[in-house]
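In the working numbering, the protein residues as written are 79 to 182.
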């Protein structure tokens, strides 16, 4: 069977294991940030750090496990737009419940 011109190399099982370990380490860091914030005030840096870690994990999962890294860039744009919309919705909900406030 001939290969299609758009075929790409996909990760090996060992690469999947390495990615899973990386995701586990990032999750451990997220949990540690939660407990550090409970023990000591981080000056408001805990939420932005958790969002950044969530974004990194999102990119890794979508890029490797969903093979988006090997697809057309149009799909990447859709997933990026979806993540941005989710973050905007998250901010709106936090504002609505008074968890965060704009201005003083």
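Heads up, the beta-carbon is just placed ideally off N, CA and C, and yes, glycines get one too.
Rank the options by C-alpha distance to the C-alpha of residue i and give the top, closest one.
i, options, result
"residue 168", "125, 138 and 114", "125"
"residue 139", "100, 87 and 106", "100"
"residue 154", "179, 105 and 137", "137"
"residue 129", "151, 121, 119 and 161", "161"
"residue 93", "120, 114, 119 and 141", "141"
Answer with buried or exposed for residue i, where buried requires no fewer than 16 other C-beta atoms within 10 angstroms of its C-beta.
i, result
"residue 123", "exposed"
"residue 79", "With a pLDDT of 41 at residue 79, under the threshold of 50, the modelled position of this residue cannot be trusted, and the question is left open."
Under 8 Å, do residue i and residue j count as touching if we go by C-beta distance?
i, j, result
"residue 116", "residue 131", "no"
"residue 104", "residue 134", "yes"
"residue 180", "residue 173", "yes"
Legend entry - the stretch 141 to 152 in contact with the stretch 87 to 102 per 3-pair CB rule at 8 Å: yes
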